[in-house]
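Worksheet: the structure to be examined is printed underneath.
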Amino acid sequence: MTAMPAPSSDSFKGWASDTGAEGFARLDAETFPAFEPGTVWLVGAGPGAPGLMSLLAYHAMQVCDVVVYDALVNADILRWVRPGAELEYAGKRGGKPSPQQRDITLRLIELAQSGKRVLRLKGGDPFMFGRGGEESQNLANAGITFRIVPGITSGVGGLAYAGVPATHRDLNHSVTFLTGHDASGTMPASVDWTAVAKASPVIVMYMAVKNVAEIAGALIAGGRSADDTITFISNATLPHQTVMETTLGAIETFLKTNQPQTPAIVVVGKVEGWRQILDWYDATQRENPIG
Ligand code: SAH
Numbered sequence: 249m250t251a252m253p254a255p256s257s258d259s260f261k262g263w264a265s266d267t268g269a270e271g272f273a274r275l276d277a278e279t280f281p282a283f284e285p286g287t288v289w290l291v292g293a294g295p296g297a298p299g300l301m302s303l304l305a306y307h308a309m310q311v312c313d314v315v316v317y318d319a320l321v322n323a324d325i326l327r328w329v330r331p332g333a334e335l336e337y338a339g340k341r342g343g344k345p346s347p348q349q350r351d352i353t354l355r356l357i358e359l360a361q362s363g364k365r366v367l368r369l370k371g372g373d374p375f376m377f378g379r380g381g382e383e384s385q386n387l388a389n390a391g392i393t394f395r396i397v398p399g400i401t402s403g404v405g406g407l408a409y410a411g412v413p414a415t416h417r418d419l420n421h422s423v424t425f426l427t428g429h430d431a432s433g434t435m436p437a438s439v440d441w442t443a444v445a446k447a448s449p450v451i452v453m454y455m456a457v458k459n460v461a462e463i464a465g466a467l468i469a470g471g472r473s474a475d476d477t478i479t480f481i482s483n484a485t486l487p488h489q490t491v492m493e494t495t496l497g498a499i500e501t502f503l504k505t506n507q508p509q510t511p512a513i514v515v516v517g518k519v520e521g522w523r524q525i526l527d528w529y530d531a532t533q534r535e536n537p538i539g
């Protein structure tokens with residue numbers, strides 16, 4: 249391989265390196281995209297560990313006026329928001345019903361129209377089962393300028409922290425992401441389970457713990473081997489992450505004595521062999537709460 253020359257500061261303006269600054273001080277806030285008053289940034293906070301946030305997410309946290317955040321955003325991440333910014337919770341709390349999606353969107357519009365820099369912070373990635381599509385559509389309809397900042401979705405980051413490669417050149421060449429839960433809470437009828445069972449060596453499921461036995465039945469009925477592993481990755485990327493494994497055929501027996509904690513990503517596929525070798529997130533690694 250030929251070594252590439254380092255980019256000169258003329259060709260890349262994202263750095264304050266000319267000042268002799270080191271480490272994080274090399275990041276020059278002035279060179280980041282401007283977060284204008286009266287606009288909304290829909291930002292993915294990543295799966296949990298604060299260190300998995302993007303630089304744009306961190307930048308937005310330093311310049312925003314208000315953060316409207318969801319239940320899945322790790323409270324430790326909120327400590328990274330600049331002191332002085334308001335924090336508004338937009339999820340279920342203390343047994344009260346969660347605010348309707350419509351109310352959240354109206355609130356975002358109201359805050360933007362009052363001239364604030366509104367950071368809408370979501371767990372994982374805003375467009376991955378995060379309703380970012382609906383929210384940004386409503387903002388567009390209301391004429392509010394917005395930006396989407398992607399995040400590491402739990403269905404990718406969680407697998408990395410559990411030592412489960414979502415794809416592997418020797419073994420699987422496709423992966424499917426799906427929800428195990430539709431708006432009424434039941435197994436989604438709109439998913440073609442037989443097609444998924446046949447076509448996708450690895451299936452990564454969000455919101456699937458409640459319906460997992462029914463889903464396992466549908467996958468076996470669709471032709472999937474009862475010996476295929478089901479892996480539950482709970483509280484992924486956080487120091488209290490847990491991983492449990494069983495098989496499609498054994499799921500009902502497994503659930504009689506095990507209760508995977510939520511939130512959890514449920515992975516179906518022959519992944520057990522990899523985990524034995526790749527399970528790197530051990531007790532020592534977990535001592536660092538940043539990632
Ligand atoms: N936008 C989010 C997903 C929101 S849907 C993302 O991209 O990750 C909520 C589901 O996400 C949960 O039911 C669970 O399946 C998954 N999830 C989110 N955070 C998780 C975490 N830290 N560990 C395991 N699963 C998580």
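Numbering (my numbering), first residue to last: 249 to 539. Even glycine gets a Cβ: it sits at the ideal position worked out from N, Cα and C. Every value quoted in this text rests on a predicted model; they were computed, and no experiment measured them.
Rounded separation between Arg330 and Ala338 - CA only: 19 angstroms
Proximal residues to Leu335 (C-beta, below 8 angstroms), its chain only, five neighbours per side dropped: For Leu335, where only same-chain residues beyond five positions count, the Cβ hits under 8 angstroms are Val314, Val315, Tyr317, Leu326, Val329.
Cβ contact check for the region 374-381 and the region 288-300: 3 or more pairs under 8 angstroms: A contact exists between the region 374-381 and the region 288-300.
C-beta atoms of Asp527 and Gly411 nearer than 9 angstroms: In this structure, Asp527 lies near Gly411, with their beta-carbon atoms less than 9 angstroms apart.
Continuous beta strand (DSSP E) stretch holding Leu367: start and end: 366-370
Three-state secondary structure assigned by DSSP to Phe272: helix
Met435 Cβ short of 8 angstroms to ligand 1 heavy atom set: Taken from the Cβ of Met435, every heavy atom of ligand 1 lies 8 angstroms or farther away.
Assigned exposure category for Thr401 - 16 Cβ within 10 Å defines buried: Result: buried.
Ala333 versus Gly299: straight-line alpha-carbon distance, rounded: 21 angstroms
Exposure label - Asn483; buried when at least 16 CB within 10 Å: buried
Arg274 versus Thr479 - alpha carbon distance: Each residue's alpha carbon lies about 41 angstroms from the other.
beta-carbon Val514 near ligand 1 non-hydrogen atom, thresh 8 angstroms: yes
Strand pairing of Pro416, partner residues [DSSP]: It is worth fixing the name first, because residue 416 is His in this sequence and not Pro. According to DSSP, which records beta bridges pairwise, His416 is partnered with Asn420.
With 16 other Cβ atoms within 10 Å as the buried cut-off, status of Ser384: buried
Near ligand 1: Thr442 beta-carbon under 8 angstroms from a heavy atom: For ligand 1, not one heavy atom lies less than 8 angstroms from the Cβ of Thr442.
Reduced DSSP secondary structure (H/G/I, E/B, other) of Phe394: strand
Thr540 to Asn386 span [Cα, whole Å]: Any question about residue 540 goes unanswered here, given that the chain covers just 249 to 539.
Nearest neighbour of Phe272, chosen from Phe283, Glu284, Tyr306 [CA to CA]: Ranking the options by Cα distance to Phe272, first place goes to Tyr306.
Inter-residue spacing [alpha-carbon to alpha-carbon] between Ser473 and Leu496: 8 angstroms
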